[in-house]
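> My questions will all concern the structure given below.
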């Protein structure tokens, strides 16, 4: 790291480190053999539970040990102290802070909450606050976003209150904070689909018009970000959007998107000397939709595909195939 003096490893220090590492490896292997041996014997005791704690602190990606830990907890049942479940949540949180992208830790935390005797709305609400903090630390953590959806869904079932509007506001805030947050854009898709399907939006036309403005602003903000383009691709092809807008307004929207994306692409070419891959891909999608609607337009499909052959060579075989279909 900059400004930090690099440690000079002498031969003696290297030798000491190798010895220490070997001892750690040996300790880990012995502990693993012990725990897996107890697992095979179906040993469900407080002592075996403690041993799983020690092993999982060394290796939180050991799914078989998480499974064994749950079996122990279920078997012990009422023998566990009342404060066990809070302690378990604290233990899992300590692992999450160290390894926030390990699925098995998130999985066990959810299991703990679901099996927490008499877990109240207050406890689940506290969990939502916790996941907010975790996402503040790593806004793109898709495990955290998935977990958040589960927590919110559970809270809605417990209270009977719909939280989609609040969740959409949260996703919007996260996108504004970091427009390249793919997980937040994905969350936005999920929520808008739910809200439109359940008729939770009072003025759907106004909502869609505002969404058009929102995504237009997003693509002008960062034309290099693929998350925005994936969202726009979903938006312009969504049957739910089609049902809200009149055909005339929908086609007008496509035309406006085409004009704006063309403008962005031309600016990119002027400033960098290279056309924008995502712009070309979206222009191709828009062109295909327009053709399917029998709109009288100048067909640029071949031009876009030929340009994509140059700017996106990794997918050249796909573009060549599409070009053949155009012939």
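Residue numbers (the numbering used here): 180 to 506. For each residue, glycine too, the CB sits at the ideal point set by N, CA and C.
Just how far apart, CA to CA, sit residue 264 and residue 275?
One C-alpha to the other measures close to 16 angstroms.
> Please report the straight-line C-alpha distance between residue 486 and residue 500, rounded to a whole angstrom.
Approximately 14 angstroms, taken between the alpha carbons.
> Residue 505 to residue 399, Cα distance in whole Å?
Approximately 31 angstroms between the Cα atoms of the pair.
> From which residue to which residue does the alpha helix (DSSP H) around residue 442 run?
Run containing residue 442: 426–451, per the alpha helix (DSSP H) assignment.
> Can you check the region 369–399 for any beta strand (DSSP E) of at least 3 residues that lies completely inside it and give the ranges in chain order?
For the region 369–399, not a single whole beta strand (DSSP E) run of length 3 or above is found.
> Among the residues of its own chain, which have a CB less than 8 angstroms from the CB of residue 507, if the five just before and after it don't count?
Since the first residue of the chain shown is 180 and the last is 506, residue 507 is not available in this structure.
> So the candidates are 251, 278, 252 and 220; which of them puts its Cα closest to the Cα of residue 237?
Out of 251, 278, 252 and 220, 278 has the C-alpha closest to the C-alpha of residue 237.
> Closer than 8 angstroms is the cut-off here; do at least three beta carbon pairs connect the region 353–371 with the region 313–329?
Result yes; three or more Cβ-Cβ pairs closer than 8 angstroms.
> Entirely within the region 289–355 and at least 3 residues each: give me those beta strand (DSSP E) ranges in chain order.
Those beta strand (DSSP E) runs which fall completely within the region 289–355 and span 3+ residues do not exist here.
> Give the C-beta separation of residue 402 and residue 458 to the nearest angstrom, bearing in mind that I take them to be a contact with Cβ-Cβ under 8 angstroms.
At roughly 7 angstroms, the Cβ-Cβ gap stays under 8 angstroms, so residue 402 and residue 458 are in contact.
> Among residues of its own chain, excluding the 5 on either side of residue 484, which ones have a beta-carbon nearer than 6 angstroms to its beta-carbon?
Excluding sequence neighbours, residue 484 sits near 498, 501 and 502.
> The alpha helix (DSSP H) that contains residue 459, what's its start and end?
Unbroken alpha helix (DSSP H) run through residue 459: 456–471.
> Just curious, the alpha helix (DSSP H) that residue 357 is in, first and last residue?
Counting along the chain, residue 357 falls outside any alpha helix (DSSP H), and DSSP gives it neither H nor E.
> Grab the span of the alpha helix (DSSP H) containing residue 238 for me, first residue to last.
It is not in any alpha helix (DSSP H) - residue 238 carries neither H nor E in the DSSP assignment.
> How is the alpha helix (DSSP H) around residue 250 delimited, first residue to last?
Element bounds for residue 250: 242–255.
> The alpha helix (DSSP H) spanning residue 500 covers which residue range?
Counting along the chain, the alpha helix (DSSP H) containing residue 500 begins and ends at 495–505.
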